[in-house]
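Residue numbers (the numbering used here): -13 to 200. Virtual Cβ for every residue (Gly too), placed ideally from N, Cα, C. Report on the structure given below.
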Amino acid sequence: MPRKVATKCGEAPYHISARCVNREWFVLDMDTVWSIMEDYLYLISHQFNLHIHSFVLMANHFHMLLSAPDRNLSQALLYFMRETSREITRLSGRINQTYGNRNHKTYLGGYHYFMNSYKYVYRNPVRAGICRWVEEYPYSTLHGVCGLKRLIVPVAEDTILFTPEFDQTALNWLNTKSTPDHEEEIRLALRRSAFELKTPRKLGRKSDLGSTLI
-13 MPRKVATKCG EAPYHISARC VNREWFVLDM DTVWSIMEDY LYLISHQFNL
37 HIHSFVLMAN HFHMLLSAPD RNLSQALLYF MRETSREITR LSGRINQTYG
87 NRNHKTYLGG YHYFMNSYKY VYRNPVRAGI CRWVEEYPYS TLHGVCGLKR
137 LIVPVAEDTI LFTPEFDQTA LNWLNTKSTP DHEEEIRLAL RRSAFELKTP
187 RKLGRKSDLG STLI
């Protein structure tokens, strides 16, 4: 079973997401966009002392889990969004902005909230039908963490994947499909400023996301 992610007071992680304007695809090819994202993730991790736990780039949006020990998350994200947008715009030759609006932040104040969000983020390409296994997707930090390519992003020590037993337990968990009800619960929870469990009436049951790894 994956181990608990160690966090100190003020270091609890956030889920960050942002979409392209009008939900259009990035105007550059994915390899180029990924390279831009990697460069600026590397920069903000050092410049703002961020702990990046995961990053997944999709065709028109991204997901990221990170912690900001220095409580400077807003400044770091403002810089990241502005500079990646400028670089994508510059290389594409377009004058339109890249992102549709400001990034969305969700505070993950509990262990199970983080763990289930961690799985949700890394399974995004699988849910989209792009790949079969989470580690196969090339525009994800997991692909590099698993040693399938060189990774520039300085991902924080992953004690979820790399346990003392060094087995496949966590990777198997990531590759196990969650129920549609659980995925919908997480999707709705990540739309709020803090991860909250508000079970939809149609489920007819109390949510277990705060006590169970789905």
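Taking a contact to require three or more Cβ pairs closer than 8 Å, the region 140 to 158 and the region 65 to 80 do not qualify as touching. Residue nearest to M50 within the set N161, H98, R72, R109 is R109 (criterion: CA-CA distance). In this chain, the alpha helix (DSSP H) harbouring I30 covers 16 to 33.
With at least 16 other beta carbons inside 10 angstroms of its own, N102 counts as buried. The beta carbon of E10 sits closer than 8 Å to the beta carbons of N46 from its chain, once the five residues preceding and following it are set aside; these are given in chain order.
Counting only residues of its own chain and dropping the five nearest sequence neighbours on each side, G95 has a CB closer than 7 Å to the CB of A(-2), A180, F181.
Remark: C-beta atoms of Y106 and E169 approach each other more closely than 8 Å. Between L52 and H32 the beta-carbon gap is near 13 Å, outside 8 Å, which marks them as no contact. L43 is bridged by DSSP to F48. In the structure shown, A4 adopts extended strand secondary structure according to DSSP, grouped into three states. Counted as a single uninterrupted DSSP element, the alpha helix (DSSP H) harbouring T70 occupies residues 59 to 78. In this structure Y28 is not in contact with F66, their Cβ atoms being roughly 11 Å apart against a cut-off of 8 Å. Exposure of I138 is indicated by the presence of fewer than 16 other C-beta atoms within 10 angstroms of its C-beta. By a beta-carbon distance limit of 8 Å, L195 contacts I172. Their separation comes to about 7 Å. Bounds of the alpha helix (DSSP H) holding T155 are 155 to 160. Around the beta carbon of F148, fewer than 16 other beta carbons lie within 10 angstroms, which makes this residue exposed.
Residues of the same chain with a CB within less than 8 Å of the CB of S71, apart from the 5 flanking positions on each side, are Q83, T84, Y85 in chain order.
With fewer than 16 other CB atoms across the displayed protein chains lying within 10 angstroms of its CB, P166 is exposed. For T92, the secondary structure class from DSSP, reduced to helix, strand or coil, is strand. Residue state for I172 is assigned as helix, using DSSP reduced to three classes.
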